[in-house]
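Step one of this worksheet: look at the structure below.
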Amino acid sequence: MRVGGDKGLSLAERLSERFHKLTWRTPIHTMRLKGRYPLKLIAVPDDPVIGDVARGQALLDGRVGFRGEARDLAAIDFARPDWGVPFGAYLHSFAWLRDLSTVATRAQGAPVAEALMARWLDAHAEKVGGVAWAPDHWGRRILHWTAHAPLILSSTDLVYRSRVLNALARGARHLDRGADKATPGAARIAAWCGVVTAGLLIPGGDPRRAFGEAGLARALAGGLTDDGGVVSRSPAMLLDVVALLAGLREVYAARREEPPSAVLAALARAVPALLGAGHGDGMLSSWQGGGPSTRAHLAAVIEASGVRTRPLRQSRDWGYQRLAAGQAVLVVDAAPPPIARVVEGGCASTLAFEFSDGADRIVVNCGGARAGVAPLPASLTEG
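Going from the sequence shown to the working numbering is simple: count from 1 and add 26.
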């Protein structure tokens, strides 16, 4: 919950964060990233979440699109980014691999994936720093690289393969020291999911796995509320957390092992809280910098979670109260705003509400100034 007068990170915290990022470029940190790289992964997990078909088809057609922003594949230059933050996060996290794999066979998708991968490696594999090396991006990247390894490691070019695997190993070592520096909530959980994934899938990773599981347990305890919400109070970020944990569970399944109880308990709490912030149209309500997502993506993540439950109605910590009668749904923000440091684009939305009747939304929020550009419904674009 918000602390009175909170204005984000203190001066000391900002200086500490800045100093930590500066250390990424020092010779000492560079030496820490050196070491043997794996010749192969122990296993290749499934990605339990279905990707976006339209975005995947666009990739096959030579275009990358995300949240209203698009580029030709040939124009993507990681060394000279000219895109917005959400589009950059989509590229750097390699979430586009999920979309590509949804519509393409290995033969169709590998040339596209390998071309973008090679460009990313040229710009960022050896240059430590900046957005590309943010802990949460590395966590998501490790999850996506391992789940979609057939798309990025099918090449017969041994030099290219070694560059990918070396970058994976370097990213894991970077996270060993940096995961706890990520913002509490979804970002820190993503970073620690990457550590655990690397520990499970890179040979000789048992010590990292134990270290990562302890770190992930801390991240879940500090990033989720007792009733399953995320500390940023953003349903969009909670959706992200559920997708991350569902993906991590598949990593354990690939090793024929059960996830830690902390992961399963977090999923069991988070899904009801997430559903409690939804409407009858199968999409989320818009709060704290997040929009409604899409019906297909929300359904895919809930399906991937493996949790079958009812929406949470009363949530003291998560803060959203849900009233439902017939097809009518009212979602009320009944808690103080989150601490500024844990959410970008947060809002003072206490006592705001959204109201819907079945598939019709009657009263809605914008989600915040940074909720991003959402595609307009066809009924509006067609007049």
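Positions of the beta carbon are idealized from the N, C-alpha and C atoms, including for glycine.
Here the structure is a predicted model, which means the values were calculated and not measured.
For a quick check, are the C-beta atoms of residue i and residue j less than 7 Å apart?
i	j	result
Pro161	Gly114	no
Val357	Ser311	yes
Ser382	Gly306	yes
Ala291	Ala330	no
Ala212	Met263	yes
Thr335	Val297	yes
Arg189	Phe120	no
Gly316	Pro364	no
Gly248	Pro286	no
Asp359	Ser341	no
Arg81	Asp148	no
Gly225	Arg234	yes
Gly254	Ala299	yes
Leu227	Leu86	no
Val256	Leu242	no
Gly345	Ala366	no
Gly77	Thr128	yes
Gln347	Ser258	no
His150	Ala158	yes
For residue i, which three-state DSSP category applies?
i	result
Asp103	coil
Gln340	coil
Val90	strand
Leu179	coil
Val333	coil
Thr320	coil
Met27	Since pLDDT at Met27 reaches only 38, below the 50 mark, its modelled position is unreliable, and the value read off the structure follows with that caveat. Here Met27 sits in coil by DSSP.
Ala149	helix
Glu25	For residue 25 there is no data in the structure shown, the boundaries of the chain being 27 and 409.
Asp73	coil
Ser287	helix
Gly82	helix
Ala245	helix
Ile365	coil
Lys66	coil
Leu293	helix
Cys392	coil
Thr407	A caution first: Thr407 carries a pLDDT of 44, below 50, which makes its placement in the model unreliable, though a value can still be read off. Of the three classes helix, strand and coil, the one that applies to Thr407 here is helix, per DSSP.
Tell me the DSSP bridge mates of residue i?
i	result
Ser382	Val355 and Arg387
Leu349	Leu356
Gly304	Leu310
Val256	Leu250
May I ask which residues mark the beginning and end of the alpha helix (DSSP H) holding residue i?
i	result
Ala96	Counting along the chain, Ala96 falls outside any alpha helix (DSSP H), though it belongs to the beta strand (DSSP E) covering Glu95 to Asp98.
Phe113	Val111 to His118
Gln314	Per DSSP, Gln314 belongs to no alpha helix (DSSP H) and is neither H nor E.
Cys219	Ala212 to Leu227
His163	Pro161 to Ala173
His200	Leu184 to Gly204
Arg124	Trp122 to Val129
Gly280	The amino acid occupying residue 280 in the given sequence is Ala; Gly does not appear at that position. It spans Pro261 to Ala280 - the alpha helix (DSSP H) in which Ala280 sits, taken as one unbroken run.
Can at least three beta-carbon pairs, one atom from the region 71–81 and one from the region 275–290, be found at a separation below 8 Å? They touch, by the three-pair rule.
*Is it true that the region 175–183 meets the region 235–243, where meeting means three or more beta-carbon pairs spaced less than 8 Å apart?*
No, the region 175–183 is not in contact with the region 235–243.
The region 259–268 contacting the region 376–390, beta-carbon criterion three pairs below 8 Å:
Under the three-pair Cβ rule at 8 Å, the region 259–268 does not count as touching the region 376–390.
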